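Asker: Residue numbers (my numbering), protein chains in the order written: chain A, 1 to 140; chain B, 141 to 280. Glycine is no exception: its CB is placed at the ideal position from the N, C-alpha and C atoms. Source: prediction; values computed, not measured. Got a structure here, written out as structure tokens. Questions coming.
2 protein chains.
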Amino acid sequence: MMQNDAVLKSHGIKPSLTRMMILDYLKAAKKHPNVDEIYQALQPKIPTLSKTTVYNTLHLFTEKNVARAVMLKDQENRYDLASHPHAHFQCVKCNEVFDVFRLPDVQLDGVLPGAQVQDVSVLISGVCEACQAKEGTRHE
Amino acid sequence: MMQNDAVLKSHGIKPSLTRMMILDYLKAAKKHPNVDEIYQALQPKIPTLSKTTVYNTLHLFTEKNVARAVMLKDQENRYDLASHPHAHFQCVKCNEVFDVFRLPDVQLDGVLPGAQVQDVSVLISGVCEACQAKEGTRHE
DNA sequence: TTTTAAGTTGTAATCATTACAAAAATAGTG
DNA sequence: CACTATTTTTGTAATGATTACAACTTAAAA
Ligand SMILES: [Mn+2]
Ligand SMILES: [Mn+2]
Ligand SMILES: [Zn+2]
Ligand SMILES: [Zn+2]
Chain A
1 MMQNDAVLKS
11 HGIKPSLTRM
21 MILDYLKAAK
31 KHPNVDEIYQ
41 ALQPKIPTLS
51 KTTVYNTLHL
61 FTEKNVARAV
71 MLKDQENRYD
81 LASHPHAHFQ
91 CVKCNEVFDV
101 FRLPDVQLDG
111 VLPGAQVQDV
121 SVLISGVCEA
131 CQAKEGTRHE
Chain B
141 MMQNDAVLKS
151 HGIKPSLTRM
161 MILDYLKAAK
171 KHPNVDEIYQ
181 ALQPKIPTLS
191 KTTVYNTLHL
201 FTEKNVARAV
211 MLKDQENRYD
221 LASHPHAHFQ
231 CVKCNEVFDV
241 FRLPDVQLDG
251 VLPGAQVQDV
261 SVLISGVCEA
271 CQAKEGTRHE
């Protein structure tokens with residue numbers, strides 16, 4: 001796998017230590033961390049870390065297509081590596097977010113004549129398997 | 141077309157004057173107003189209107205499936221009638237939001253085994269026709 | 001070194017949303 | 001009608017994520 005500094009350089013980002021560690025965290029995180037989670041996780045390792053830097057870095061990553069903001073019903077932004085585009089499923093009961101790698105087939109032909117499509121984001125909501133099980137037992 | 145009070149009653153909402161006027165505004169608005177736009181528009185007609193009431197009403201509408209929150213890259217919620225489900229296109233240049241009524245065909249079969257899908261929201265981003273024209277002339 | 005730019009930090013401000021309790025309006029009961 | 005309970009609306013204060021901004025630090029350039 002490509003090293004973090006190479007990833008950043010290939011996107012035109014100077015690979016500072018802080019930026020590489022944030023990229024590292026995004027790679028390792030299974031979930032979709034918000035700014036505060038990233039800050040809390042890295043602050044012990046980078047004692048001088050500022051939350052503003054986390055914001056700055058994520059804005060930079062998003063602009064340079066290293067990461068992307070995942071928009072959910074939460075009021076805070078969550079982040080995701082931009083490497084493999086995919087959809088998201090959010091459970092309305094437990095609020096957990098699942099990646100949907102088997103991308104739904106979105107047919108865009110003629111959907112908006114004249115528009116130049118850059119990106120399609122799909123958010124599916126419903127009840128996850130675990131929460132259905134809980135609901136099921138409760139009423140039997 | 142169904143009257144506002146009938147619409148609200150059919151969704152289990154008591155049709156107060158304020159609620160009907162907010163529903164009215166949502167019906168008339170071509171765009172996707174945020175809370176403040178709704179408040180500013182109705183405050184002259186309802187001098188005692190409180191922004192909290194707008195929030196309360198939109199929450200109620202959303203819960204009872206009269207309206208739905210449209211999640212965009214903006215940091216504020218925008219609202220939409222829930223009557224005809226559709227996708228949205230937001231221009232990255234001018235930020236304008238367009239309805240996409242010719243729904244993209246989203247194939248969900250086997251996308252998340254076990255999950256019970258309730259809703260799919262699709263947000264397309266790109267450059268609208270008007271902004272492409274502007275860009276084109278600028279560089280010729 | 002000296003100078004310039006890039007990266008990082010801390011604090012204050014902004015702004016949408018929520019919490020909450022009081023006030024007003026409405027509905028129900030006798 | 002009078003009385004009470006419930007619903008609806010209001011105003012203000014708190015919350016919390018994000019941004020603005022200027023200072024500080026580090027790295028690069030000259
Ligand atoms: Mn994801
Ligand atoms: Mn719409
Ligand atoms: Zn769940
Ligand atoms: Zn545009």
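Can you tell which of 156/B, 242/B, 235/B has the C-alpha that lies nearest to the C-alpha of residue 225/B?
Answerer: Taking only the C-alpha atoms, the option nearest residue 225/B is 242/B.
Asker: Cβ-heavy atom distance between residue 80/A and ligand 1 below 8 Å?
Answerer: Under cutoff, so the answer is yes.
Asker: Please decide whether residue 31/A counts as near chain B, where near means a Cβ-Cβ distance under 9 Å.
Answerer: For residue 31/A, the answer is no, since every Cβ of chain B falls outside 9 Å of its Cβ.
Asker: Cβ of residue 233/B within 8 Å of any heavy atom in ligand 4?
Answerer: Checking the Cβ of residue 233/B against ligand 4 gives yes.
Asker: Pull up the CB-CB distance for residue 79/A and residue 70/A, whole angstroms please, since I reckon it's below 8 Å.
Answerer: Indeed they touch by this definition, with Cβ atoms about 7 Å apart.
Asker: Have a look at residue 192/B and residue 151/B and give me their C-alpha separation to the nearest angstrom.
Answerer: Approximately 22 Å, taken between the alpha carbons.
Asker: I want to verify the contact list: residues of chain A whose CB lies under 9 Å from the CB of residue 207/B, in sequence order.
Answerer: What residue 207/B touches in chain A: nothing, since even the nearest Cβ is about 14 Å away.
Asker: Could you tell me the distance, in whole angstroms, from the CA atom of residue 148/B to the CA atom of residue 270/B?
Answerer: Taking the straight line from one Cα to the other gives about 38 Å.
Asker: Which residues of chain A have a Cβ atom closer than 9 Å to the Cβ of residue 242/B, listed in chain order?
Answerer: Residues of chain A passing the Cβ test: 110, 111, 112.
Asker: Select from 112/A, 89/A, 34/A, 40/A the residue whose C-alpha is nearest the C-alpha of residue 126/A.
Answerer: Cα-wise, what sits closest to residue 126/A is 89/A.
Asker: At a cut-off of 8 Å, is residue 239/B close to ligand 2 when judged by its beta-carbon and the heavy atoms of the ligand?
Answerer: Under cutoff, so the answer is yes.
Asker: Skipping 5 residues on each side, what residues in its chain have a beta carbon closer than 8 Å to that of residue 33/A?
Answerer: Closer than 8 Å at Cβ, skipping near neighbours: 25, 26, 41, 78, 79.
Asker: Could you say which of 87/A, 1/A, 95/A, 132/A lies nearest to residue 73/A if we only look at CA atoms?
Answerer: Ranking 87/A, 1/A, 95/A, 132/A by Cα distance to residue 73/A puts 95/A first.
Asker: Applying the 10 Å Cβ sphere with the 16-neighbour rule, what's the burial state of residue 23/A?
Answerer: Counting Cβ neighbours within 10 Å, residue 23/A comes out buried, since at least 16 surround it.
Asker: Identify whether residue 68/A lies in helix, strand or coil by the three-state DSSP scheme.
Answerer: Correct three-state label for residue 68/A: strand.
Asker: Going by DSSP in three states, residue 140/A sits in which element: helix, strand or coil?
Answerer: Since pLDDT at residue 140/A reaches only 39, below the 50 mark, its modelled position is unreliable, and no value is offered.
Asker: Taking the alpha-carbon positions, what's the residue 114/A to residue 170/B distance?
Answerer: So the two alpha carbons sit approximately 20 Å from each other.
Asker: Which residues in chain B sit within 7 Å of residue 82/A, going by Cβ to Cβ distance?
Answerer: Within chain B, no residue comes near residue 82/A; the closest Cβ sits about 14 Å away, beyond 7 Å.
Asker: Are the C-beta atoms of residue 122/A and some chain B residue less than 9 Å apart?
Answerer: It does; some Cβ of chain B falls within 9 Å.
Asker: Give me, in chain order, the residues of the same chain whose beta-carbon lies closer than 6 Å to that of residue 121/A; leave out the 5 immediate sequence neighbours on both sides.
Answerer: Here the set comprises nothing.
Asker: My output table needs one value for residue 169/B: the three-state DSSP class, helix, strand or coil.
Answerer: It is coil, neither helix nor strand.
Asker: Which of the three DSSP states, helix, strand or coil, is assigned to residue 261/B?
Answerer: Residue state, collapsed to three classes: strand.
Asker: Can you tell me where the beta strand (DSSP E) holding residue 228/B begins and where it ends?
Answerer: 227 to 231 is the span of the beta strand (DSSP E), which, as asked, contains residue 228/B.
Asker: How about residue 258/B and residue 92/A: are their beta carbons less than 9 Å apart?
Answerer: Taking 9 Å as the Cβ cut-off, residue 258/B and residue 92/A qualify as a contacting pair.
Asker: Assuming residue 185/B and residue 160/B are in contact, meaning their beta carbons sit under 8 Å apart, how far apart are those beta carbons, in whole angstroms?
Answerer: Not confirmed; about 12 Å, so no contact.
Asker: So, does the CB of residue 60/A fall closer than 9 Å to a CB anywhere in chain B?
Answerer: No, residue 60/A does not count as interfacial toward chain B.
Asker: Please check if any C-beta of chain A sits within less than 9 Å of the C-beta of residue 227/B.
Answerer: Yes, because at least one Cβ of chain A sits closer than 9 Å to the Cβ of residue 227/B.
Asker: Could you pull out every residue in the same chain whose Cβ sits closer than 8 Å to the Cβ of residue 76/A, ignoring the five residues on either side in sequence?
Answerer: If we look at residue 76/A and ignore the five residues flanking it on each side, its Cβ neighbours are 34, 35, 36.
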